[in-house]
Amino acid sequence: MDLAFSWFDYALFFGMLGLSIMIGIYFGFDREKQTKKDYVLGGKNMDVLPISISLIASQISGITLLAVPADIYNYGSNYIWLCISIPLVCVINNYVFLPLFFQLQLTSIYEYLSLRFDKRVEVVGSLLFIFSIFFHNPIVIYIPALALAQATGTDLHSTIVFVCVICTFYTGVGGLKAVVWTDVLQCVGIFGSIGVVVFVGAKSVGGFSEVLATAERGGRMDIFELKLNPFVRDGFVPVIIGGSLQYMTYICFNQGYMQKFLAVRTLQKAKRAQQIYCLGVIGTIAACVLTGNILYAKYHNCDPFLSNKINRSDQLLPYFVIELAQNLPGLPGVFIAGVFSAALSTFSASLNTAATAIYQDFILPIRPTIQKDQECRILKVIVLVFGVVCTVLAMFVDKVRGVLSFSIAVNSIVSGPLLGVFILGTLVPAANSRGAFYGCMSAIIVLSWMVIGNQWYASQDFFVKPISTSDCNLSLIVEERIQTSAVDPPFFLYRISFWYNTLIGSAVVVIVGLVTSFFTIDKGKTLHASLLQKLPKRAKKMEVTTPASSSYGHQFTWTDYTFFGGMLAMSTIIGIYFGFFGKKQNTASEYLMGGKRMHAIPIAASQVACQISATTLLAVPADIYKFGANYMWLSVSTLLVSIAVYKIYLPVFYNLQLTSIYEYLQMRFDRKMRILSSFLTIVSMLVFCPVAIYIPSLAFAQVSGVNVMLVASVTSIICVFYTTVGGLKAVVWTDTFQFVVMVITFSIVFVMGLSSVGGFASVVDRSIAGRRFEVLDFSFDPTLRDSFSALIIGGTAQWIAFTGTNQAVLQKYLSVPTFKDARSALVIYTICISIIHVFAVFMGLLVYAKYWNCDPLASNQISRIEQLLPHFVMEVAGSLPGLPGVFIAGVFSAGLSSLSACLNAISGVIYEDFVSHFLSKSTSQQRISNVLKVIVAGMGIVCTLLVFILDNVKGIFPFYIGLMAVATGPLLGIFTMGLLVPFVNSKGAFYGGIFSMIVIGWIALQNQWYQSHGLNDEFLKPISTDGCYNSSFDISNTSQVERPIFLYRISFWFYALIGAVVSMACGFVISCFTGHDKAPVPKKLLSPIVHGFLSRASSKDSVEPEKIPLNSF
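With the first letter of the sequence shown counted as 1, position 98 gets the number 387 in our numbering; the numbers rise by one all the way through.
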């Protein structure tokens, strides 16, 4: 299409270039800026907003604006999943890597590799970075030059030279400040051009709804493909996993990004800059994906590439813009200015950071006495040389096919080894310089070999979505192209998606590095603590006060890591088996119910495993240690709970066979009751899941030295993965495996602990002397924290809510073939859970018997009470290789089983009660299964993020029980009314549930506030530090809090009961004043125990015959 630039287009384009030059001249000839620090870091006085905008502009290159929409056009919209990957990476960087590098304040982050390992590793890191610039920058500048040449008719190579000269000039003259402020200017051009193209383009094809509809018909919106097939070019799994690791290298270990983060004054400002950057990039990616679908909507019946209207797919968007410009003069100028803005910002940032890396890592070691007035000159010369080299290399990009995949694949040769070596350096103290060096070299060789073969294979276009030239009458061209693409698949490594290259490279580095480090020793190399990522600040107390004989002298050994890693690997393998090699779970029934073919024993084991979270295994013994053994009365409560569930709740739900038990409330009351109950369930799970994974992460961080938030994030990802791909079968069988691990590990720890304190009699004697065995207090005072009445009455109500009205629990009972199997599973569960409760109590008493005269918390050996049991294990068995690994494996088994069960259950609730109503009735079962998997992944990410809040909570166990009651109390009341009281109507149940939630929420929040200020300290049992190496610790209670009103002092054990009573009382009263619902209550919706009280008329209301004989109850 022949359409030249107008004067307005040229004015916009050259105006942008002119302003960029003026900014460079201004900062280049500012007399106050003369030092290397000014040139490289902008004098450390840059503001948050320009830095964050500069980061966004540098990320959004011409590749993003031109190559990504073209890739979406050809291969579909899976690129959108980067909008999830990037926030995950930013969170990790925020807590793990950014604080470390900001503290070190290095001019080049590759200096870190020299400090942590040796000079040759730093050189390898710098060379990798320089290599990436040499390959990336020519592509960055080539694509917009291609667009300008197409729009103006100028020679492509001349355009490349012209633009490179301008960018090299203002970068070389002005330094980082020029880069940042030109990026701010250019970011305006970037977002302006994106906005114009999106809105004008969408209007030209009939609006956004038409864009999405056309893309759906053409297969461009098939983004819910969750299969773990490494040979699929794009998909949810490769983009989430590979994209996250790729961007982790871009953001965390890229000199250009980290240099800008370090250019602000404080760490908090750097974190704010990263948050703005994250939002900006997510918005841009979404816009580019939408643009690619607009292109398809425009050309779905006449592909410009096949019809020979363009020579490369990268010209697709410029061609589209030129076509739009027939009706909108000036649009090409806006568009080309925006594309060049993106390219210039990325190119200038790369030149500045390359100069920094070369000067710091190559020139300065050779000439360490360079005068300050010469430093800036040398840096400018380096920028000039790099600009010339990149300009020359840009001439050869025309030979590359598939710019986006080529760019990601080639960059992975750098990003994979860099990610691996920085992980070794920051998180693995055992890694040494030889391991890091040989790991890097191995990864470079492996990835180079793979990328070369992969790029040849990618050129064959095996994964291109359907295209058409039906409106062009050029079907012959399409046929010839398809025939020439039919080649035999090569070696399997060449067919792995380029998204996985970074993962493979980093894995090679870590594996080779650890193996090499294990067999070699760095002589004379001392590892400084500042070079490793630390535990949270609160843990510092234990570092300075723990004696040499403390348990902290023991760290994880290779045997421990082997046991721990083996458990996680086994869980992942089970998920992979059921997700990909077992019978396919392509229906909602298979995914959520295991196809109704699960057996009683694995179901019972899974129920026990998911109920026994890390809260039970770590927080409960710690609670026993502090407050005494009254928790043992829950063993009696469990029996009462199981009888109630068996008689009242389970028969109805099994008879109805609902995917979500909250469907029952819609059948019994109305739609709004189902929505309310589903909302309450989601809230309860969002309280439970972060706690379930935080506590074992805290334990692992303590015994291994790895950052607790990093542990929580990685473990959550593993659990989300096997739950997502495997469904209920993976959950049940991993729970069964993890239950076995739990039993074995805690039995070993218990036996060794008994031996260390002198036997069972010694435990009982010390517990009685320390007032831990005061379990026969039958007072009915509800303000007592733990008592017989609180545990029997309140605990029973709490556990009925957990067991009888919990989607995660009942879903498993419904997955067995017969009701008899469900009953068997319930009996086994009752016996096992009662034993576990007793065991947890005696574990707490055993820990007290060990530390009866030297409290680890008071003596500053631990920083949180939840660390007590890991501390005990390390002290008792830390010298025995493998046992700490087995113990942490058991704790993580509990956390993983609980989290996986919740994720699987919550996917069913969200799908059935919120998502399914927006899908058409003709939606395939395969698509429904994929939607469920996406829900699991999304909720897993949310739970992982919520883990970061728990570090500030005092007393995890009462916090967890109290907040859970805000949801479980109203749910218990609502379900009980529905099952037992026929006259309660929908209005009574709904408003009763709402009022109950408000009341319990208010009481729980007030109680938590007072607890954080020492409300329950009066119930603490006596502790001592007389037997410590230093007995001068202050163990007095300094908390002073005004005694609150009665309601705020009620024990958290009663909250679920109060919630249920309030809900039912309100429901009764409102139902009496509003009358019965119009339709009679079907008999199948009422519990069998009330059937005998029903009138004959009401008994005829049962619509279907009972599936379970009533006499079986």
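Using N, Cα and C, we set each Cβ at its ideal position, and we do this for glycine too.
Under 9 Å between C-beta atoms of residue i and residue j
i, j, result
"I1356", "G1258", "The displayed chain sequence assigns Gly, not Ile, to residue 1356. The answer is no: Cβ separation not under 9 Å."
"T791", "G724", "no"
"C729", "V710", "yes"
"I340", "A552", "yes"
"S1313", "D1144", "yes"
"V1136", "S924", "no"
"M1253", "F977", "yes"
"Y1102", "L1374", "no"
"S722", "G794", "no"
"C567", "F386", "no"
"L584", "F609", "yes"
"L1188", "S1005", "yes"
"N363", "F525", "no"
"L1158", "F1062", "no"
"V1255", "I1289", "yes"
"W788", "G531", "yes"
"G507", "H589", "yes"
Coarse secondary structure for residue i, derived from DSSP in three states
i, result
"L1208", "coil"
"F303", "helix"
"D1202", "helix"
"D327", "Below a pLDDT of 50, predicted positions are generally treated as unreliable, and D327, at 49, falls in that range; no measurement from the model is reported."
"D298", "helix"
"E411", "helix"
"H1160", "helix"
"T1327", "Residue placement at T1327 cannot be trusted, given a pLDDT of 47 that sits under 50; the coordinates are not used to answer."
"W1141", "coil"
"L1017", "In this predicted model, L1017 has a pLDDT of only 49, less than 50, meaning its place in the structure is not dependable; the value taken from the coordinates is given anyway. If DSSP states are grouped into helix, strand and coil, L1017 belongs with the helices."
"E612", "helix"
"P376", "helix"
"A559", "helix"
"N721", "coil"
"K587", "helix"
"S701", "helix"
Cutoff 6 Å; reference residue i; Cβ partners in own chain excluding five residues on either side
i, result
"I606", "As written in the sequence, residue 606 is Leu, which differs from the Ile given in the question. Contacts found: L355 and P358."
"T809", "R723"
"N383", "K560"
"S986", "V997, V1000 and A1001"
"L686", "In the sequence as presented, Leu is not what sits at residue 686; that position holds Val. Only P427, I428 and Y431 meet the Cβ criterion."
7 Å CB neighbourhood of residue i in its chain, flanking five on each side removed
i, result
"D407", "S722"
"A646", "S397, Y399, S415, F418, I419 and Q544"
"Y648", "I667, L668 and I671"
Other residues of its chain near residue i: CB distance less than 8 Å, five sequence neighbours each side excluded
i, result
"S1068", "S1076, F1077 and S1078"
"R409", "S722 and F726"
"I361", "Y368, R509, C577, V578, T580, G581, N582, L584 and Y585"
"F1382", "none"
"K936", "S1376, P1377, I1378 and F1402"
Inter-stretch contact (C-beta, 8 Å, three-pair minimum) for the segment 1147-1160 and the segment 908-920: yes
Assess, as a yes-or-no matter, whether the segment 567-577 is touched by the segment 411-427 under the definition of 3 or more beta carbon pairs within less than 8 Å. no
Counting pairs of beta carbons, one from the segment 1219-1237 and one from the segment 987-1004, are three or more of them closer than 8 Å? yes
So does the segment 703-718 actually touch the segment 784-799, counting three or more Cβ pairs closer than 8 Å? yes
Would you say the segment 1258-1278 touches the segment 1343-1360, given that touching needs at least three Cβ pairs under 8 Å? yes
Restricting to runs no shorter than 4 residues, where is the alpha helix (DSSP H) found entirely within the segment 1078-1118? 1084-1093 and 1096-1102
For the segment 432-448 against the segment 674-682, are there 3 or more C-beta pairs whose distance is under 8 Å? Counting C-beta pairs with one atom in each stretch, the segment 432-448 and the segment 674-682 have fewer than three that are closer than 8 Å, which means they do not touch.
Are there three or more Cβ pairs, one per stretch, closer than 8 Å when the segment 663-672 is compared with the segment 500-507? no
Every unbroken alpha helix (DSSP H) within the segment 912-940, with a cutoff of 4 residues, ordered by chain: 923-933
Scan the segment 950-984 and note each continuous alpha helix (DSSP H) run of 4 residues or more that stays entirely inside, going in chain order. Within the segment 950-984, the complete alpha helix (DSSP H) runs of at least 4 residues are 952-957.
What residue ranges within the segment 1244-1278 form continuous alpha helix (DSSP H) runs of no fewer than 4 residues, ordered along the chain? 1245-1269
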